[in-house]
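One structure is given here, and the rest of the page talks about it.
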Amino acid sequence: MRSLEYIVFLSLVVGLAWPAGLYLARVFEGKPTFLDPALQPIESLLYRLLGVRKSREMTAGVYTVCFLLFSGVSTGGLFLLLLVQHWLPGGPADHYLTTPMTTDLAANTAISFSTTTTWQAYAGETTLRYLTQVLGLVSQNFLAGAAGLALGIAFIRGFAREPSATLGNFWVDLVRALLWVLLPVALVGSLVLIWQGVPLNLAPYTEVHKLEGGVQTIAQGPVAALEFIKNLGTNGGGFFNANGAHPFENPTPLVNFLAMLAIAVLPASLTITFGRMTGRPRAGLVLLAVMVVLFVGGLALCDFAESATPPRLADLHVSGGNMEGKEVRFGIGSSVLAAVVTSNGATGSYNSMDDSYQPVGVLVLLVNLLLGEVIFGGLGTGLYSIIMIALVAVFLGGLMIGRTPEYLGKKITASETRLIVLYALLTPAVVLVLTALAIGTNAGRAGLVTNGGTRGFTEVLFAYASSMANNGQNMAGLNANSVFYNLTTAIAMLAGRFGLAAIVLALAGRLGAQRRWPTTLGTLPSDSAMFGVLVFGTILVIGALSFLPALALGPMAEALQH
Amino acid sequence: MKLRKNIWTAVVGVISLTVLTGCIFPLVLFVLGRLLSPGQAAGSLVTRNGVVIGSRLIGQDFTRPEYFHSRPSAAGSGYDGTASGGTNLGPSNPKLIGDIRKLAEDYRKSNGLPADAAVPIDAVTRSGSGLDPHISPRNAELQIARIARARGLDKDAVQRLVTNHTQEPQLGFMGSPHVSVLDLNLALDRAAPLIPR
């Protein structure tokens, strides 16, 4: 039964990626689509408001600056909203909001949501007003997600165009991502979620009289407004503390399945968009195939680890897989599927608690985060994650055959290689240095309030890997609401979003300015199965070289202990 | 590049797009939700004799032998609807092993099972939300004897209730078989009304 769900899921992701990818290409090449009559008036109105001329293109530098300005204003606005939220009207009542919105928590949360990380050092139901969740968080789920998609499209144009000084217009890409992609899909998806039971109300927390007597207070809220876009925009921050495990956020296996499709389909489809816009469809398919192989491997390993009766419970006569931190309606299958998809998809909306996973299960999730989310990945950002590694593979391949490396007719010279290496080194540098800092200081170790030993180390490594990958899921045994963690995870989130994006756009600008060199007999073909194997190997080698020692101290050591 | 102009565009952009996605979108959804699925939008609340007795989706705790028992919970002091969450205990944490050992002993004792009887794992582990409204069909079946005795009902009658309330994987392949504890207990109360304590 579990394998059937996995197979149907993967088939749908691949099957839907094709039409979705072609649609995305039409949207961002400005070709007509069936939604034009409804959306073009809103589009023109927005351009007039923003003072944007659609035909004015931007260089990589200007594109980057506009993206940074937009994200900066978003962060600042959300930060202010969080600081004044206790003056906002509406629910929940003050006495439920027991977590104080400190300056460091507000800053961490603002950065977290404007970078699509949606790392949460707070519990939604005891910290935020309904209005904060809708005005501040729902909107940033849309805006930051759309900005990520714009980045991915600009990156594709670097390969698709020749020779061109520009990568498109950031504001136009942003608006079209919102109007043609995120808003319509989220509207339909959210309605299905409400039908399945996800609430959408502004009611006060409801007191019910339990069957056995006594009163239960149930947290309510405009949950459905957040629920679909948090996955579609690959953000993932939950309305409630338990995120996708909470029955109001994820009431049925169908909702869970749709949420996972919302995470994976668009990032997967961008490989098709890439193939279409560059005129090399097979190159896109090779990347998709690498993603699928890595996905299946991780899923199989995680399923194997979680479905066995936990070895440490062997003498307690307990039957069934590891259900600590998992919901019965999802069982092992839908839980593992969500864990693997969210850890691949830069989305923190898990439906089971990572911290109670078996060591090998955690290892899979952690490796997904550390590889920089090359499997589907974040919306827009996932595509450049895998292509950056593909470029490393191109470079290695070039060394092997002794030719100037090139990808899709664009030469990878010394200066491009410098940017690629910088990109590949940034994640290990940030994650490992911050992990060492946390483990080496009292302020960092103070967060280990639930688990110690190897599991405690893994919690810390996981926190920075998740922040750097702009994923946002956590091993929640770590108490991360402290000045130390609010500050250090924010640094990782900023580096993971803006550091990597700046490198990627600079590279795209350089490549776009090149003319496309003709394919010759000496060219390493970038659309063959052989190239796919090379990319696959490069991903594993880079991952192992960067992180094997850290992984050995964490989940690997734990798996070997008894 | 005119930096000042782009700063202006960024400010206007964030404000206008926030109005679009953070005000208009939720408002449209709110109205449509009210029209199409009013009960679900309000939190799937269940009323009996004019009293709201819970939400179909949110688990509650049961301790009396006459009721099916929910899973153990880590939400607040147990099934606290304002404090969702799991234990976050790692699988090698001695506290987790100790908790499960104790929970398994309690489960066997309250259901009259021998000391080496296999206990379904959902009965002795805490869910991620702490609000899991469901138990596994096997967990429900092991509680039938206790409930039949406490209610003076025929075991087969209780078994039929469990069978009728077992939800198979959605569309045949999504998720796991599960039984809603609240629905099942409401059905029990209809079959053999309980005198409130």
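Protein chains in written order, with the working numbering: chain A, 13 to 574; chain B, -11 to 185.
Positions of the beta carbon are idealized from the N, C-alpha and C atoms, including for glycine.
Residue i beta carbon near the ligand GTP (any heavy atom closer than 6 angstroms)
i	result
A/Gly245	Of the ligands one can find in the structure shown there are none, so the ligand GTP has no counterpart to examine.
Identity of the residue in the options nearest residue i by Cα
i	options	result
A/Gly291	A/Val547, A/Ile123, A/Glu41 and A/Asn247	A/Glu41
A/Val445	A/Ser558, A/Ala166, A/Met70 and A/Ala172	A/Ser558
A/Tyr362	A/Pro31, A/Val305, A/Gly456 and A/Gly248	A/Gly248
A/Val433	A/Ala405, A/Thr416 and A/Gly164	A/Ala405
A/Leu81	B/Leu176, B/Ala62 and B/Lys(-10)	B/Lys(-10)
B/Ser168	B/Asp177, B/Ala106, B/Asp68 and B/Arg44	B/Arg44
A/Ser478	A/Phe260, A/Ala556, A/Ile503 and A/Pro112	A/Ile503
A/Leu512	A/Ser397, A/Ile387 and A/Val461	A/Ser397
A/Arg509	A/Val26, A/Ile451, A/Phe125 and A/Met13	A/Phe125
A/Leu28	A/Glu55, A/Leu273, A/Leu61 and A/Phe469	A/Leu273
A/Phe182	A/Leu155, A/Phe79, A/Phe269 and A/Ile451	A/Phe79
Reduced DSSP secondary structure (H/G/I, E/B, other) of residue i
i	result
B/Ser43	strand
A/Arg341	coil
B/Val16	helix
B/Thr154	strand
A/Gly392	coil
B/Lys(-7)	helix
A/Val64	coil
A/Gly384	coil
A/Ser479	helix
A/Val330	strand
B/Ile192	Examination of residue 192 of chain B is not possible in this model, given that chain B is present from -11 through 185 alone.
B/Val107	strand
A/Leu473	helix
A/His107	helix
A/Met70	strand
A/Leu506	helix
B/Met162	strand
A/Tyr369	coil
A/Glu55	helix
Partner residues on chain A for residue i, Cβ-Cβ distance less than 7 angstroms
i	result
B/Gln158	Thr264, Pro265 and Leu266
B/Leu84	Glu336
Partners in chain B for residue i, counting only beta-carbon separations shorter than 8 angstroms
i	result
A/His98	Neighbours of A/His98 on chain B: none; closest Cβ ~18 angstroms, over 8 angstroms.
A/Phe342	Gly163 and Ser164
A/Trp207	Leu24, Ser25 and Gln28
A/Asn253	Ala71, Ser72 and Gly73
Burial state of residue i, where buried means 16 or more other Cβ atoms lie within 10 Å
i	result
A/Asn97	In the sequence on display, residue 97 of chain A carries Gln and not Asn. With 16 or more Cβ atoms within 10 Å of its Cβ, A/Gln97 is classed as buried.
B/Ile12	exposed
B/Asp120	buried
B/Ile189	In the structure as shown, chain B begins at -11 and stops at 185. Residue 189 of chain B is therefore absent and cannot be evaluated.
B/Leu24	exposed
A/Ile413	exposed
A/Gln228	buried
A/Lys242	buried
A/Leu499	exposed
A/Trp99	exposed
A/Glu318	buried
A/Val495	exposed
A/Met542	exposed
A/Lys338	buried
B/Asn152	exposed
A/Glu137	buried
B/Lys90	exposed
A/Glu570	buried
A/Thr8	Nothing can be reported for residue 8 of chain A, as the shown portion of chain A is limited to 13 through 574.
A/Thr218	buried
Under 9 angstroms by beta carbon: chain B residues contacting residue i
i	result
A/His107	Going along chain B, no residue has its Cβ under 9 angstroms from A/His107, so there is no contact; the nearest lies around 10 angstroms.
A/Ala488	Gly73, Gly74 and Asn76
A/Asp367	Gly74, Thr75, Asn76, Leu77 and Gly78
A/Gln573	Ser80
Residue i: contacting residues in chain A (beta-carbon distance under 8 angstroms)
i	result
B/Gly31	Pro211, Asn213, Ala215, Thr218, Ile230, Gln232 and Phe260
B/Val2	Phe82, Val85, Ser86, Gly89 and Leu155
B/Arg52	Glu224
B/Phe56	Residues of chain A passing the Cβ test: none, with the nearest at roughly 11 angstroms.
B/Asn173	Leu223
Residue-level contact to chain D via CB, residue i, 7 angstroms cutoff
i	result
A/Val150	The chain inventory of the structure shown lacks chain D, comprising the protein chains A and B.
Residue i: contacting residues in chain A (beta-carbon distance under 9 angstroms)
i	result
B/Ser98	The premise fails here: B/Ser98 is roughly 15 angstroms from chain A at the closest Cβ pair, so nothing lies under 9 angstroms.
Exercise. Could you name each continuous beta strand (DSSP E) segment of 3 residues or more that falls completely within the region 26 to 73 of chain B, going from the start of the chain to the end?
Key: 33 to 36 and 39 to 43
Quiz item: In chain order, which alpha helix (DSSP H) runs of at least 4 residues are fully inside the region 203 to 253 of chain A?
Solution: 235 to 244
Exercise. Write down every uninterrupted run of the alpha helix (DSSP H) in the region 119 to 188 of chain A whose length is 4 residues or greater and which is fully enclosed by it, in chain order.
Key: 151 to 172 and 182 to 188
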